[in-house]
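Below: one structure, written as structure tokens.
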Amino acid sequence: MHGSIEYLTEDDFLHIIEKHCQQGVDYQTIHAGLLIEHLPKVKGRLTGIVSRRGGILVQWMLYHFKQNHLYTRFDDICEIFKRYDCSFSLGDALRPGCLHDDSDDAQLSELKTLGKLTKRAWKHDVQVMVEGPGHVKMDQIEFNVRKQMEECDEASFYVLGHLVTDIGADYDHITSAIGASMAGWHGTAMLCYVTPKEHLGLPNPEDVREGLIAYKIAAHAADIARHRPGARDRDDELSSARYAFDWNKQFELSLDPERAKQYHDETLPADIYKQAEFCSMCGPKHCPMQTKITDKDIEGLEEALKGKGAAELMAVKSDRDRVE
Ligand code: SF4
65 MHGSIEYLTE
75 DDFLHIIEKH
85 CQQGVDYQTI
95 HAGLLIEHLP
105 KVKGRLTGIV
115 SRRGGILVQW
125 MLYHFKQNHL
135 YTRFDDICEI
145 FKRYDCSFSL
155 GDALRPGCLH
165 DDSDDAQLSE
175 LKTLGKLTKR
185 AWKHDVQVMV
195 EGPGHVKMDQ
205 IEFNVRKQME
215 ECDEASFYVL
225 GHLVTDIGAD
235 YDHITSAIGA
245 SMAGWHGTAM
255 LCYVTPKEHL
265 GLPNPEDVRE
275 GLIAYKIAAH
285 AADIARHRPG
295 ARDRDDELSS
305 ARYAFDWNKQ
315 FELSLDPERA
325 KQYHDETLPA
335 DIYKQAEFCS
345 MCGPKHCPMQ
355 TKITDKDIEG
365 LEEALKGKGA
375 AELMAVKSDR
385 DRVE
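Count along the sequence shown from 1, then add 64; that gives the number in this note's numbering.
Structure, rendered in structure tokens:
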């Protein structure tokens with residue numbers, strides 16, 4: 065390619081795709097849904113095109129003034145994928161790069177094309193998952209998931225976030241985990257994790273760890289909201305351990321046991337505090353979880369309180385004290 069994208073030929077692209085298949089990859093992200101007709105729809109966006117592969121394709125298309133070869137040669141790619149049992153990840157080159165651009169005509173036009181390509185790939189007996197955005201306002205998340213399901217006949221949808229605000233630079237594992245949990249709840253099949261370094265630089269191992277934990281939380285919250293059988297078991301077990309002040313079990317059941325213990329031990333490091341019926345938050349005298357209200361304590365209370373005002377409550381109290 066002589067160091068320049070413009071010199072790439074259609075056959076170069078297909079050759080590289082086949083080479084990846086020969087190396088044994090299970091899927092490849094192919095941005096075949098980006099058409100030259102979609103490009104004018106990008107006008108008016110705040111952040112244009114933010115997909116790396118999308119940017120390369122646009123350069124190529126505008127230089128040659130030709131349709132996207134990944135689209136025109138899609139059936140050839142399907143045949144390669146079928147030969148090597150490789151799946152499609154249909155990439156969204158026109159995904160919005162900011163909240164201002166979400167759910168716009170450019171994004172939805174490409175999604176429509178991705179829906180058609182999904183069905184074409186299925187005809188070749190090749191599996192498909194479809195890539196989704198990126199930056200999406202909270203109130204647009206359900207719409208985006210439903211639209212993808214409708215256009216792509218419920219092919220597995222995976223999303224990059226969604227980031228629900230653009231001002232969280234260095235906290236985008238959080239801004240995106242919020243959207244990811246909602247997308248998961250509404251039916252997204254896979255969540256692509258985001259690290260705190262998103263938009264700022266290449267993540268280091270600690271950033272990756274932070275991103276992964278944030279996404280484990282998002283996916284788990286979505287599973288609970290979708291009432292998946294057994295999804296909440298670990299939560300209930302941890303809550304019981306918490307209520308029983310079983311600190312070691314609480315750490316063990318947490319998603320990040322090491323950090324849970326480290327945070328606890330920052331203020332109460334001695335071993336004896338692993339049996340303590342409080343932590344440093346409310347202290348030994350005011351920990352409300354020490355007040356163990358049993359079912360027996362509140363037995364008959366509902367009946368006794370029915371329709372009573374403050375004065376009558378005093379009378380109820382005297383009655384109860386007399387009985388005890
Ligand atoms: S002290 Fe407060 S934060 Fe700590 S265990 Fe008790 S209720 Fe929870």
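Backbone N, C-alpha and C define an ideal beta-carbon position, used for all residues, glycine too.
- Boundaries of the alpha helix (DSSP H) around SER245: 236-250.
- The secondary-structure analysis by DSSP pairs ILE94 across a beta bridge with LEU154.
- Using a Cβ-Cβ distance cut-off of 8 Å, the region 215-234 and the region 196-205 are in contact, since at least three pairs of beta carbons, one from each stretch, lie closer than that value.
- In the displayed model, SER173 falls within a helix according to three-state DSSP.
- Relative to the ligand SF4, the nearest heavy atom lies less than 8 Å away from the CB of MET353.
- Of the candidates TYR127, THR111, TYR91, LYS280, the residue whose Cα lies closest to the Cα of LEU154 is TYR91.
- For VAL194, the enclosing beta strand (DSSP E) starts and ends at 192-196.
- A distance below 9 Å separates the beta carbons of GLN204 and ASP166.
- Counting along the chain, VAL209 sits inside no beta strand (DSSP E); it lies in the alpha helix (DSSP H) bounded by residues 205-215.
- Counting only unbroken stretches of 4 or more residues, the alpha helix (DSSP H) elements lying wholly within the region 70-121 are 74-86, in sequence order.
- Look at PHE309 here: in three-state DSSP terms it is coil, with no helix or strand label.
- With 16 or more other Cβ atoms inside 10 Å of its own Cβ, LEU255 counts as buried.
- With a cut-off of 8 Å, the C-beta of PHE152 is classified as distant from the ligand SF4, since no heavy atom of the ligand falls inside that distance.
- Within a 10 Å sphere around the beta-carbon of ILE242 sit 16 or more other beta-carbons, which makes this residue buried.
- The residues ALA241, LEU319, in chain order, have a CB closer than 7 Å to that of ILE281 in the same chain once the five nearest residues on each side in sequence are set aside.
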